[in-house]
Amino acid sequence: MRTTTRRPFGVPPADVARAFLSPGPLFDPQGLAPDYWRWAGPLRAAGFEAGMVVHCAVSYHGTPLGWMFDGALRELGCTVIPAGTGNTELQVQMLRGLAATGYVGTPSALRILYEKAAELGARDLTLRRAFVAGEMLPPSLRRELQDLGPTVCQGYGTADLGALGYECLEREGMHVPTDAVVEIVDPRTGEALPSGAVGEVVATVNERTYPIIRFGTGDLALLTEEPCPCGRTGERIVRIVGRVGDAVKVRGMFVHPRQVDEVIARFPEVSRWQMVVTRDGARDLLTLRVVAAGELDATRLAQNVQDVIKVRPDVERADALADGAPKMRDLRTWE
Ligand SMILES: [Zn+2]
């Protein structure tokens, strides 16, 4: 009798340390290397070093994010506080009680931690270095955070590919790591674009467990070859401009209209919908405008949407939505 072994990643299970559902409908493996997603170099460039106590405020559940930074920080010799997300008050207690000197997470979550600390009358946070990723970092927010104490460097990467860009302490664009290939291409034709042109980030990571070749990230960016004052050579990502398709990134998660359509299909009373993304200070706000007949359980709808896209929208009833109105409206600006 012939038996078959299911190998979801194409390598033996013994070669996979952990398995994840990435943000999107993909399963991602983690290979056996201690710093599998290659963030140790970027964190070192941002001033992280052995002996630091680092608050890692990204999710460890289901997605690779927490493990990505955790492994890299351990590789550097840092003590990691696996704080994850949520429960801000408890997080502030950990930051203070353990005298954390480093922070890894989204910039908006860092701001919320400082706001909570101020609310609790705690002015003794000891953060010196912050490495932020997963969201846009407007210059105004960076200034605000740096005024509170830490130097703020940003990184760029994806759950599938790991590190693709990082700022050194000069903070003049993001260096492309030497172990990744980043190309900027025309999103319609796939043709490579010259340095300085805005196009889609397409990346290649030649990793044995999970080699990824010319993966289209859906992010729009531009590269420069001008040398960085820090002395590192090679290309830098000047900045991430936005998203290519209809999907928008909200609080670090991609939200695609198709995901919302699936939820709306369970609410026959809703005839039309539109998701509006705005920004209040450093926080993305999601409003789901719906045209509905009769009663509508807005709480249940918000919960169902949150279950799918991981971000809870405010549900707002609208009298009408125009024919051909976009399903996703991104009204955020990045000054
Ligand atoms: Zn540099």
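Sequential numbering of the sequence shown, starting at -9, is according to this note's numbering. The C-beta atom is built at its ideal place from N, Cα and C for all residues, glycine as well. As the structure is a prediction and not an experimental result, all values here were calculated from the model.
| Item | Value |
| --- | --- |
| Whole-Å CB distance - G152 paired with V195, under 8 Å assumed | 7 Å |
| Neighbourhood of P19 by C-beta distance below 6 Å, restricted to the same chain and skipping five residues each side | F(-1), V6, A9, T199, Y200 |
| Contact test: E160 Cβ vs ligand 1 heavy atom, cutoff 6 Å | yes |
| Range of the contiguous beta strand (DSSP E) that encloses Y93 | 92 to 95 |
| Between the CA atoms of G37 and C220 - distance to the nearest angstrom | 13 Å |
| Identified DSSP bridge partners for E79 | According to DSSP, E79 bridges with nothing at all. |
| C218 beta carbon near ligand 1 (any heavy atom closer than 6 Å) | yes |
| One or two residues paired with M164 in a DSSP bridge | I227 |
| Exposed unless 16 or more other CB atoms sit within 10 angstroms - verdict on S261 | exposed |
| Residue from A108, R132, L286, G41 with nearest C-alpha to A272 | R132 |
| From E157, C158, A211, residue whose alpha carbon lies closest to that of L183 | A211 |
| H165 burial status per 10 Å Cβ neighbour count (16 or more: buried) | buried |
| Boundaries (first-last residue) of the beta strand (DSSP E) holding E173 | 171 to 175 |
| Segments of 4+ residues assigned as alpha helix (DSSP H) that fall wholly inside the stretch 1 to 81 | 30 to 35, 55 to 66 |
| Euclidean distance between Cα positions of P128 and L311 | 31 Å |
| Nearest-angstrom beta carbon gap, L66 and R34 [assumed within contact, 8 Å] | 6 Å |
| Three-state secondary structure assigned by DSSP to L311 | coil |
| Where L80 falls, given that 16 or more other Cβ within 10 Å makes a residue buried | exposed |
| Beta-carbon proximity of S49 to G74, cut-off 7 Å | yes |
| 7 Å Cβ cutoff met for A89 and T116 | yes |
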